[in-house]
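For the sequence shown, position 145 matches number 145 in the UniProt record's numbering, and the numbering has no gaps at all.
Heads up, the beta-carbon is just placed ideally off N, CA and C, and yes, glycines get one too.
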Amino acid sequence: MVIDFSTLYDFPKEMEKLFDDVARFQGTGGLGFRRPAYPLINIAEDDHNYYVEISVPGIPPKDVELTMTDRSLVIKGERKGTEGRYLRRERGMGSFQRIITLNVPVDRDKVTAAGSDGVMRVTLPKADSVKPRRITVTGAESKAIDV
């Protein structure tokens with residue numbers, strides 16, 4: 001019997017999507033259209049790292065707080081606005097928080113982040129225990145198996 005556990009790896013991602021959808025709906029006043037979660041992010045990966053790009057235009061990197069657990073990156077900050085009478089106000093102001101849950105543990109001591117031009121780039125090295133590892137096969141000559 002073969003059991004497929006791959007859906008368990010998608011569970012954290014699906015939960016984040018669910019919470020993002022609820023947060024977007026609440027932000028609309030129930031009108032049925034959705035605002036994108038803030039800040040906007042891109043996530044990429046290779047065999048050794050996750051790469052997260054975070055769009056935070058107008059917010060200095062020192063004002064964005066990043067916290068890492070073994071599987072989640074928490075992004076917190078505040079977009080400060082100016083008081084006044086606006087004819088149109090599309091840029092959101094105030095505090096924000098976004099939690100990115102990853103499929104595998106990250107080596108928290110090696111996480112790096114840099115920011116410029118309104119984009120923060122975070123490199124999250126995957127824990128050594130989950131990185132692909134080549135297995136060397138040793139042994140004697142091949143033998144036929146009698147059936």
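Burial is judged here by how many other beta carbons sit within 10 angstroms of a residue's own beta carbon; Lys-131 has fewer than 16 and is exposed. The beta strand (DSSP E) runs lying completely inside the stretch 35–92 and spanning 3 residues or more are 41–45, 49–55, 64–68, 72–79, given in chain order.
Under the DSSP assignment, Ser-95 falls in the beta strand (DSSP E) whose first and last residues are 94–101. Scanning Asn-49, Ser-55, His-48 for the CA closest to the CA of Asn-42 turns up Ser-55. If you draw a straight line from the Cα of Asp-146 to the Cα of Ser-129, it is about 38 Å long. Put simply, of Asp-46, Pro-125, Glu-53 the residue whose alpha carbon is nearest the alpha carbon of Arg-108 is Pro-125. Secondary structure at Lys-17: helix, using DSSP grouped into helix, strand and coil.
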